[in-house]
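The numbering used here numbers the first residue of the sequence shown as 62 and each following residue consecutively. Idealized CB from N, CA, C, for every residue including glycine.
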Amino acid sequence: MSHSTLFSKKIKTILTFGIAVVFFVLAFASTTNLPALAQGQTNYRLKTMFTGSDKCLDIINDAKDNQLIMANCGNYSGQFWQIEATNKSGYYRLTTLFTGSDKCLDIINDAKDNQPIMANCGNYSGQFWQIEATNFSGYYRLTTMFTGSDKCLDIINDSQDNKPIMANCGNYSGQFWQIPNFN
């Protein structure tokens, strides 16, 4: 084998390796844009681009303590969300300080399969949430294993603009969530 053939093979190997590294870095970077989640007792707020930074996902304080609403942000335990990694890779479980670690954000299994609710935690696919980065820096999309990647947590665009629902994923500001942490 001539020196030029050997040199050519080395260059080809180096280029192939370099291209593979670039693709790996790009693929990894798209998943590392997620907020630092599931870090002990960290509290998070869930806010959408649609309702703005003054509204937070909250639990209605009624006899059931399981209905969700976008409410004015404040020092309310229903707005203090904990995000915990599950045994399912890439999925998280969401609970609040108000309802405790025994109630998880879930999707009602009915004819519509679109209403988020706080339910007893268990091994239910509606309680396994993926949090994916969007094209908008600092915003994420939330989907569940139960409804699949085609349905996103959204806010109904009605006169009140405060009801969360699972809706077809699209370029809708109600599906773009900020998840700032605070303690």
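Less than 8 Å between C-beta atoms, sequence neighbours within five positions excluded: which residues of the same chain meet that for residue i?
| i | result |
| --- | --- |
| Thr208 | Ile168, Asp174, Asn175, Gly187, Met227 |
| Cys230 | Arg202, Thr204, Ser210, Asp211, Lys212, Cys213, Gln236 |
| Lys149 | Phe189, Met206 |
Could you tell me the boundaries of the beta strand (DSSP E) in which residue i lies?
| i | result |
| --- | --- |
| Tyr201 | 201–205 |
| Asp167 | 164–168 |
| Ile217 | From DSSP, Ile217 is part of no beta strand (DSSP E); its letter is neither H nor E. |
| Arg154 | 153–157 |
| Thr107 | The displayed chain sequence assigns Leu, not Thr, to residue 107. Leu107 -> no beta strand (DSSP E), and no H or E assigned at all. |
| Gln143 | 142–146 |
| Ala172 | Run containing Ala172: none; DSSP gives neither H nor E here. |
| Cys116 | Strictly speaking, residue 116 in this sequence is Lys, with Cys absent from that position. Run containing Lys116: 116–120, per the beta strand (DSSP E) assignment. |
| Asn229 | 225–229 |
| Gln128 | That residue, Gln128, is in no beta strand (DSSP E); it is neither H nor E in DSSP. |
| Gln191 | 190–194 |
For residue i, collect the residues of the same chain with a Cβ closer than 6 Å to its Cβ; drop the 5 residues on either side in sequence, then sort them by chain order.
| i | result |
| --- | --- |
| Phe159 | Ile120, Ser138, Gly139 |
| Cys165 | Arg154, Thr156, Cys182, Gln188 |
| Arg202 | Glu193, Thr195, Cys213, Gln236 |
| Asp217 | The sequence shown places Ile at residue 217, not Asp. Cβ neighbours of Ile217 beyond the five flanking positions: Lys224, Ile226. |
| Cys117 | Arg106, Lys108, Cys134, Gln140 |
Rounded to a whole number of angstroms, what is the C-alpha to C-alpha distance between residue i and residue j?
| i | j | result |
| --- | --- | --- |
| Arg106 | Pro241 | 6 Å |
| Lys212 | Asp123 | 28 Å |
| Thr204 | Lys125 | 24 Å |
| Gln143 | Trp238 | 15 Å |
| Leu87 | Ser234 | Residue placement at Leu87 is poorly supported in this model, since its pLDDT is 32, which falls under 50; the coordinates still yield a value, given next. Roughly 26 Å separates the two Cα atoms. |
| Asn133 | Asp215 | 17 Å |
| Val82 | Asn232 | Unreliable placement is indicated for Val82, whose pLDDT of 33 sits below 50; the coordinate value is still reported in the next sentence. Each residue's Cα considered, the two are about 31 Å apart. |
| Ser162 | Met179 | 11 Å |
| Thr92 | Pro225 | Any reading at Thr92 must be qualified, since the residue scores a pLDDT of 40, below 50, and its modelled position is unreliable; the value itself is stated next. When rounded, the distance between both Cα atoms is 25 Å. |
| Asn170 | Asn136 | 31 Å |
| Asn127 | Pro177 | 9 Å |
| Met206 | Glu145 | 15 Å |
| Ala172 | Tyr185 | 17 Å |
Less than 8 Å between the beta carbons of residue i and residue j, yes or no?
| i | j | result |
| --- | --- | --- |
| Tyr151 | Gln102 | For the sequence presented, residue 151 should be read as Gly rather than Tyr. Contact flag unset, no. |
| Phe197 | Asn104 | no |
| Asp222 | Thr147 | no |
Under the assumption that residue i contacts residue j (Cβ atoms under 8 Å), give the Cβ distance between them as a whole number of angstroms.
| i | j | result |
| --- | --- | --- |
| Tyr200 | Met110 | 6 Å |
So, for residue i: in the same chain, excluding its five sequence neighbours on each side, which residues have a beta-carbon less than 7 Å away from its beta-carbon?
| i | result |
| --- | --- |
| Ser114 | Lys108 |
| Asp219 | none |
| Lys71 | Because Lys71 carries a pLDDT of 47, less than 50, the predicted location of this residue cannot be relied on, and the following value inherits that uncertainty. Cβ within range, chain order: n/a, list empty. |
Using a Cβ-Cβ cut-off of 8 Å, state whether residue i counts as contacting chain B.
| i | result |
| --- | --- |
| Gln102 | Among the chains in the structure shown there is no chain B, since it carries only a single protein chain. |
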